[in-house]
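A short worksheet on the structure shown next.
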Amino acid sequence: MSCKELFGGTYLLLNPQEATLLDLLRLLFSSKLQNRSFIECPVDIKAEEFRQRWLLFTSIVAQKLLFTSGNTMKMVGGNLELWLNTLSSNGGFLGLFKNKLKVLKRGCGAGKVITPDASSATFMSVAGFLDYRVDLDKSIQDKNDDAKYKALLSMMASKFSYENEEYVGNAIRNHWHMKFWGLYSFWNDFQELWSTKAIILQDTKTKPNLIVVAFRGTQPFNSAQWITDVDLSWYELPNVGKIHSGFMKALGLQKNGGWPKEIDQTSKSNHIYAYYTLREELKTMLHANEDAKFIVTGHSLGGALAILFAAILTLHEEAWLLDKLEGVYTFGQPRVGDQAFGDFMKESMRKYDVKYRRYVYCNDLVPRIPYEDKTLFFKHFGPSLYFNSLYQGQVLEEEPNKNYFSVLWVIPKILNAVWELVRGFFLPLVKGKEYKDTWLMTLARFVGLIIPGVSAHLPPDYVNVTRLGSLREIQDLSVSETSKTD
């Protein structure tokens, strides 16, 4: 049985590879979606407003471009990563030049240009070169500031989730002195790829112990993950609401089974799925340490998977695990579901006393997508923990400029991007050398002058938010305390 049938027949599914240019132009001028060969939906689902049709149009075009450029993106990303690590392994530009010069002088086979090992503890992703920081802020740990420590731990774990297993294991064991359970790769039934990643670690020094599950976010040159992000398709789960189908697929939605409570993962070509595997891993760990609690976290796409993980636990009535869930911490998280989904989650958070901390930094583009639309698409739920470019925090019902694409915000966003570029040079003089932007992050800030909101989404500013941002007013914040404002 297909997911469409299992979920009661309410859905909107985009098939961009079936769309021609003429199809796309026709879409802009007709609200009847079910007549399109590249859109699957019931007859009563319509895009009455031009804005809604425009959003569908841009989603399909973006996916087609990503499908076409997938191999190129992979090649560029792989070469960039190798080049960055080659530079690092050889001591930078000057060191690499000297080593190459030695090879030329001594002949073929003489001298040595170090070739990095992609599986080693020193090999970093592009995200790693944006922010070299590995250690936790000891001043926050020493202050015993519970809310700020958990936010910092969550964001740093989310940052580490972009790296290889040896790198993460070395950092967590030797720098944080915590237990590292592993880096997990999960199968996506629909993309037929091992495209979802997560790490698990355990802080054995806290009382009670704290287990952290961190989902990897969108990698800059991974077209499959970008397609997941820009796809506006959704399924409506009975008594839950509409949920972004791409995020559900990444978490482990079954192509021919939807969300069964149990699956046999041994019978499907050794494929393992994020939700089911992590749920069982957590049960095993928490039964072995019954006083422990756990946090689910992630940056970008990882944040969407984190809150959706809690949603499926609720759907499956996993009360014992939900009682152990300390909180969901997300950073730069995109919208996941509609108003009904938000109401369902707020009730779940209240029932099990789960903290939901949705961090948004300044003009970050990603929390403002997919475009908010209560009737056809998605809406955030719960408060936004919003931090401006001075890292001053506020608890807001919704982040400013909630849909990003506003003419009124163009000049303020560009001026703020200029300030962020300048700030990168003097912040280390005020706060310490660990706040110095890497050269790659500085380059990203220049890109931010052209597309404000892109550089603001990167991990460094979210790490700074958890270190420098004031959390005083949200120490005891919960969804239930703000439900009246949503």
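The sequence shown begins at 14 in the numbering used here and counts up by one.
Ideal placement from N, C-alpha and C gives every residue a C-beta, glycine not left out.
Cα separation between residue i and residue j?
{"i": "E494", "j": "R363", "result": "Residue confidence is low: E494 scores 47 on pLDDT, short of 50, so the model does not pin down where it sits. No coordinate-derived value is stated."}
{"i": "D144", "j": "W67", "result": "36 angstroms"}
{"i": "D216", "j": "K172", "result": "17 angstroms"}
{"i": "N177", "j": "G230", "result": "14 angstroms"}
{"i": "D202", "j": "Q30", "result": "18 angstroms"}
{"i": "R370", "j": "V341", "result": "6 angstroms"}
{"i": "L78", "j": "F234", "result": "13 angstroms"}
{"i": "D499", "j": "R64", "result": "Confidence at D499 is low in this model, with a pLDDT of 40, below 50, so the placement of that residue should be treated as unreliable; the coordinate-derived value is given next. About 24 angstroms."}
{"i": "A237", "j": "V243", "result": "10 angstroms"}
{"i": "I424", "j": "W452", "result": "26 angstroms"}
{"i": "L223", "j": "F307", "result": "5 angstroms"}
{"i": "F400", "j": "K125", "result": "47 angstroms"}
{"i": "T85", "j": "E53", "result": "30 angstroms"}
{"i": "E447", "j": "Q267", "result": "44 angstroms"}
{"i": "G265", "j": "Y286", "result": "5 angstroms"}
{"i": "L196", "j": "K87", "result": "21 angstroms"}
{"i": "I276", "j": "T327", "result": "17 angstroms"}
{"i": "K115", "j": "G108", "result": "11 angstroms"}
For residue i, does the count of other Cβ atoms within 10 angstroms reach 16, so buried, or fall short, so exposed?
{"i": "K359", "result": "buried"}
{"i": "P273", "result": "exposed"}
{"i": "K218", "result": "exposed"}
{"i": "V492", "result": "Any reading at V492 must be qualified, since the residue scores a pLDDT of 45, below 50, and its modelled position is unreliable; the value itself is stated next. So V492 ends up on the buried side."}
{"i": "P221", "result": "exposed"}
{"i": "G316", "result": "buried"}
{"i": "D159", "result": "exposed"}
{"i": "A32", "result": "buried"}
With C-beta atoms as the reference, is residue i less than 8 angstroms away from residue j?
{"i": "N376", "j": "A469", "result": "yes"}
{"i": "S397", "j": "L389", "result": "no"}
{"i": "N92", "j": "I127", "result": "no"}
{"i": "T343", "j": "I320", "result": "yes"}
{"i": "N477", "j": "Y404", "result": "yes"}
{"i": "H188", "j": "V147", "result": "yes"}
{"i": "K415", "j": "E385", "result": "yes"}
{"i": "T23", "j": "P55", "result": "yes"}
{"i": "R436", "j": "S483", "result": "no"}
{"i": "S208", "j": "A263", "result": "yes"}
{"i": "A353", "j": "G254", "result": "yes"}
{"i": "P472", "j": "H312", "result": "yes"}
{"i": "V139", "j": "E179", "result": "no"}
{"i": "A184", "j": "I212", "result": "no"}
{"i": "G271", "j": "F20", "result": "yes"}
{"i": "A324", "j": "V367", "result": "no"}
{"i": "G350", "j": "V379", "result": "no"}
{"i": "V74", "j": "L38", "result": "no"}
Here's a check: name, in chain order, each residue in its chain whose Cβ is nearer than 7 angstroms to the Cβ of residue i, leaving out the five neighbours to either side.
{"i": "D336", "result": "Y365"}
{"i": "L245", "result": "L27, L68, L69, S72, P383, F390"}
{"i": "L165", "result": "L149, D150, I153, T479, R480"}
{"i": "K45", "result": "K59"}
{"i": "F142", "result": "L97, T451, L453"}
{"i": "E411", "result": "H393, S397"}
{"i": "S198", "result": "W207, K210"}
{"i": "W239", "result": "L79, T231"}
{"i": "M191", "result": "I185, L214, Q215, D216, T217"}
So, helix, strand or coil for residue i, using DSSP?
{"i": "T135", "result": "coil"}
{"i": "Y288", "result": "helix"}
{"i": "S236", "result": "helix"}
{"i": "Y404", "result": "coil"}
{"i": "W96", "result": "helix"}
{"i": "R480", "result": "helix"}
{"i": "T279", "result": "helix"}
{"i": "D155", "result": "helix"}
{"i": "R12", "result": "The shown model of the chain, from 14 to 499, leaves out residue 12, and the question about it has no answer."}
{"i": "Y475", "result": "helix"}
{"i": "F418", "result": "coil"}
{"i": "L245", "result": "coil"}
{"i": "W200", "result": "strand"}
{"i": "V226", "result": "strand"}
{"i": "I308", "result": "strand"}
{"i": "T33", "result": "coil"}
{"i": "I320", "result": "helix"}
Going along the chain, which residues of its own chain have a beta-carbon closer than 8 angstroms to the beta-carbon of residue i, five neighbours each way excluded?
{"i": "S496", "result": "A caution first: S496 carries a pLDDT of 41, below 50, which makes its placement in the model unreliable, though a value can still be read off. If we look at S496 and ignore the five residues flanking it on each side, its Cβ neighbours are K359, R363."}
{"i": "G461", "result": "A430, E433, L434, V467, S468, A469"}
{"i": "Q278", "result": "H284, I285, Y286, Y289, T290"}
{"i": "A332", "result": "Y365"}
{"i": "P129", "result": "L95, N98, T99, S101, S102, T135, F136"}
With a CB to CB cut of under 6 angstroms and the five nearest residues on each side skipped, what residues in its chain are close to residue i?
{"i": "L299", "result": "A305, K337"}
{"i": "H284", "result": "W200"}
{"i": "H329", "result": "K274"}
{"i": "E339", "result": "K306, I308"}
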